[in-house]
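Quick note on numbering: the sequence shown equals residues 831 to 1166 in the working numbering.
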Amino acid sequence: MTTIYDIARKTGYSPTTVSKAFNNYSDVREKTRRHILETAKEMGYLPNANARSLTTKRSWTIGILFVEATGAGIRHPYFSAVIESFKKVAVSKGYDLMFISKDVGGRKSSYLEHCKIRGVDGVAVILSSNDDPDFQELLDSGLPCVILDASQGPVHAVYSDNVSGSMKAVEYLHSLGHRRIAHISGGTGTFAGSTRQQGYEAAMEKLGLEIGEGYIADSGFFSMESGYDAMKVLMDSECPPTAVYAAGDLLALGAVRAVKDRGLRVPDHYSVIGFDDIEMAKYLTPALTTIRQDTDSLGRTAADILTAAIENNGGAVQSVKLPVELIIRESCRPLE
């Protein structure tokens, strides 16, 4: 079996330097680290996880606390993309990922208890709602955490500029001549839902547009079914909108389906714009105009922040707001 001493002899570095390279010590140059890791891979060396934990006082495991209210879970295209980009960075730095729940060995526990039992070094948190008291207990525990797609108090956080993105969506519809612009909200009980609705309201006020009766349709969930039901209500209103901004692409897809089921067409009868730019958005008919979140940057930034917090015993709290981009496709048209 290959040992660190074999690698030391092969590379010409001391066993101490080889050990430090495996454990990501900052005093090992990147060129040296790469050479040692490449040599180890060629020699078929696998570090012993238990020995590594004893050396570094860490488990080299990051918990993923992921609770998504629609039931889609990791199949949700936005969350799966963010988690995948997070994983790439974490794994490249030597960490394994573990999903955290309130169930340990068939026994109910809190998130924090689960983290302690598993000995995770830190937690990436993705929650559709932050009302759960066990969530707050975890944040207050001192265990390094980063919240994705939300911002809550003095905790590391990475999120998209939802307010600006919503304003871009409304302003684009206004530039096409639309004045009766409705909003399918993801619900004010979530960070994304509330901030995107804030952006919609701010843009309508800025442009001097009236928010018609019932023009904010609170779907409650970011799902196609919710978007479908909300769009039916909007189409049945006394003065239907000409354009709809949906707080998420799945909501927008549901809205488009509702229009088609009425025998109408998008964008001929209703213009629809979403938020997220999930992979399927560009393959729809019509292709969906939307606000793009940079899922790669969201995941990578969160992983960088959390691993730095683990390795530096917390550090100064970082709250990073990432820009978004308007992606113009075929689901919106100018009013004649």
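By construction, the Cβ of each residue, glycine as well, lies at the ideal position given by its N, Cα and C atoms. All figures in this text were calculated on a predicted structure; none of them were measured in a lab.
Given the structure, does residue i come close to the ligand GDP, in the sense that its CB is under 6 Å from one of the ligand's heavy atoms?
i: V1154; result: Of ligands this structure carries none, so the ligand GDP is not represented either.
On the premise that residue j lies in contact with residue i, defined as a C-beta separation below 8 Å, what is that separation, rounded to the nearest angstrom?
i: G1014; j: A1077; result: Going by the sequence as given, residue 1014 is Ile instead of Gly. With 8 Å as the limit, I1014 and A1077 qualify as a contact, their Cβ atoms being about 6 Å apart.
i: S981; j: F1021; result: 7 Å
i: T1119; j: C1162; result: 5 Å
i: A954; j: F916; result: 6 Å
i: L1156; j: G1007; result: 17 Å between Cβ atoms; not a contact.
i: N992; j: R1026; result: 5 Å
i: V1089; j: P1116; result: Not a contact, Cβ separation roughly 11 Å.
i: A920; j: T1125; result: Rounded, the Cβ-Cβ distance is 15 Å, inconsistent with contact.
i: Y925; j: I892; result: 5 Å
i: I866; j: Y843; result: 6 Å
i: D964; j: S940; result: 4 Å
i: R888; j: D951; result: 5 Å
i: S1067; j: G1044; result: 5 Å
How is residue i classed by DSSP in three states: helix, strand or coil?
i: K923; result: coil
i: C1162; result: coil
i: E868; result: helix
i: V1150; result: strand
i: A1073; result: strand
i: R1122; result: strand
i: M873; result: coil
i: D836; result: helix
i: D1091; result: helix
i: L1156; result: strand
i: K938; result: strand
i: A980; result: coil
i: Y1113; result: helix
i: F1051; result: coil
i: I1041; result: coil
i: T891; result: strand
i: D1066; result: coil
i: G1129; result: helix
i: P845; result: helix
i: Y1030; result: helix
i: K850; result: helix
i: L1083; result: helix
i: N880; result: For N880, the pLDDT reaches just 48, beneath the cut-off of 50, and the residue's location in the model is therefore unreliable, although a value from the coordinates is still provided. The answer is helix: DSSP assigns N880 an H, G or I state.
i: V858; result: coil
i: L1006; result: coil
i: G1023; result: helix
i: D1059; result: helix
i: V1000; result: helix
i: T1137; result: helix
i: G1144; result: coil
i: H906; result: coil
i: D970; result: helix
i: V912; result: helix
i: G1078; result: coil
i: H1099; result: coil
Look up residue i in the DSSP assignment and give the residues it is bridged to.
i: F965; result: None; F965 has no bridge partner.
i: L957; result: V897
i: F1105; result: I1121
i: Y989; result: K1151
i: C975; result: V953
i: K1011; result: Reading off the sequence shown, one finds Ile at residue 1011, where the question assumed Lys. DSSP, once it has assigned bridges, lists A1073 as partnering I1011.
i: M928; result: G893
i: I1046; result: H1013
7 Å is my cut-off, CB to CB: does residue i come that close to chain C?
i: L1080; result: Going by chain labels, chain C is absent from the structure shown, which holds only one protein chain.
Check your understanding: Per the contact definition of three or more C-beta pairs closer than 8 Å, is the region 1024-1037 in contact with the region 1056-1064?
Key -> No contact exists between the region 1056-1064 and the region 1024-1037.
Point to revise | the region 1136-1155 touching the region 974-988, judged by at least three CB pairs closer than 8 Å | key: Yes, they touch.
Review point. Quick check: the region 993-1013 against the region 1124-1139, are there 3 or more CB pairs under 8 Å?
Key: At 8 Å Cβ cutoff, the stretches do not touch.
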